[in-house]
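Colleague:
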Amino acid sequence: MTLLPADLYATIEGSMPIACVDFVPVDARTGRVGLILRESPFGRVWCHLGGRILRGETVAGALRRHADDTLGVGLVLGPDPQPSYVYQWFPPEISPEPGHGIDPRKHAIGLSFLVAIDGEPAPRNEALDFAWYSLTSLPEPIWPGSDTLLQRLHATS
Numbered sequence: 002m003t004l005l006p007a008d009l010y011a012t013i014e015g016s017m018p019i020a021c022v023d024f025v026p027v028d029a030r031t032g033r034v035g036l037i038l039r040e041s042p043f044g045r046v047w048c049h050l051g052g053r054i055l056r057g058e059t060v061a062g063a064l065r066r067h068a069d070d071t072l073g074v075g076l077v078l079g080p081d082p083q084p085s086y087v088y089q090w091f092p093p094e095i096s097p098e099p100g101h102g103i104d105p106r107k108h109a110i111g112l113s114f115l116v117a118i119d120g121e122p123a124p125r126n127e128a129l130d131f132a133w134y135s136l137t138s139l140p141e142p143i144w145p146g147s148d149t150l151l152q153r154l155h156a157t158s
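Okay, so the sequence shown: first residue is 2 according to this note's numbering, each after it adds one.
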């Protein structure tokens, strides 16, 4: 896979939506959700996991790559996982209406999943920490829209 120069990718991000996978680990025993602590345009915040899908990469491949890069874990997935929800992220200045996530860097279309993980999470790269939370006691601060994404994902499960 070829990585784009940073200036070209910034131009692309500013010109069109970016296809991403968003996922939330779920502990099958407790129903708690796993979130990472990371640096962001909002400072240090808790949020779901994920990122862009690379050219030539399957959705399953993108999910596995982000889980491994961020937590060093595998995911329990079928060969062709389908999203439970499609959530959109917008820079505030172009957001068409309330109810979407906020990402000042880009407009992203997030194919969103609840997933089971295989292994013990070990935060690395963008993840400064990882913790399990009840949906009724999410941590603060949280990335604007992550809490809405969690509620919508759980409403579909």
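Using N, Cα and C, we set each Cβ at its ideal position, and we do this for glycine too.
#1: Between leucine 64 and the ligand FMN, is there a pair consisting of the residue's CB and a ligand heavy atom that are separated by less than 7 Å?
#2: Closer than 8 Å is the cut-off here; do at least three beta carbon pairs connect the segment 27 to 35 with the segment 75 to 87?
#3: For the beta strand (DSSP E) holding leucine 38, just list the boundary residues, first then last.
#4: Rank Pro97, Glu98, Glu94 and Leu50 by C-alpha distance to the C-alpha of leucine 76 and give the top, closest one.
#5: Going by DSSP, which residues form a beta bridge with proline 26?
#6: State the Cα-Cα distance for the pair leucine 139 and valine 46, rounded to the nearest angstrom.
#7: Sorted by chain position, which residues of the same chain lie with C-beta nearer than 6 Å to alanine 63's C-beta, five sequence neighbours on each side aside?
#8: Taking the alpha carbon of threonine 1 as the point to measure from, which residue in Tyr134, Ala11 and Leu112 has its own alpha carbon closest?
#9: Which runs of the beta strand (DSSP E) fall wholly inside the segment 37 to 124 and span at least 3 residues, in chain order?
Modeller: Let me lay it out:
#1: Among the components of this structure there are no ligands whatsoever, and the ligand FMN is therefore not found.
#2: Because the criterion of three Cβ pairs below 8 Å is not met, the segment 27 to 35 and the segment 75 to 87 do not touch.
#3: Segment 34 to 41, the beta strand (DSSP E) holding leucine 38.
#4: For leucine 76, the closest alpha carbon among the candidates Pro97, Glu98, Glu94 and Leu50 is that of Leu50.
#5: Note: proline 26 sits in a beta bridge opposite Val116.
#6: One C-alpha to the other measures close to 11 Å.
#7: For alanine 63, where only same-chain residues beyond five positions count, the Cβ hits under 6 Å are Val22 and Ile54.
#8: It is not possible to answer for residue 1, since the shown part of the chain is limited to 2 through 158.
#9: Note on the segment 37 to 124: whole beta strand (DSSP E) runs with a minimum of 3 residues are 44 to 48, 50 to 53, 75 to 77, 86 to 91 and 109 to 119, in chain order.
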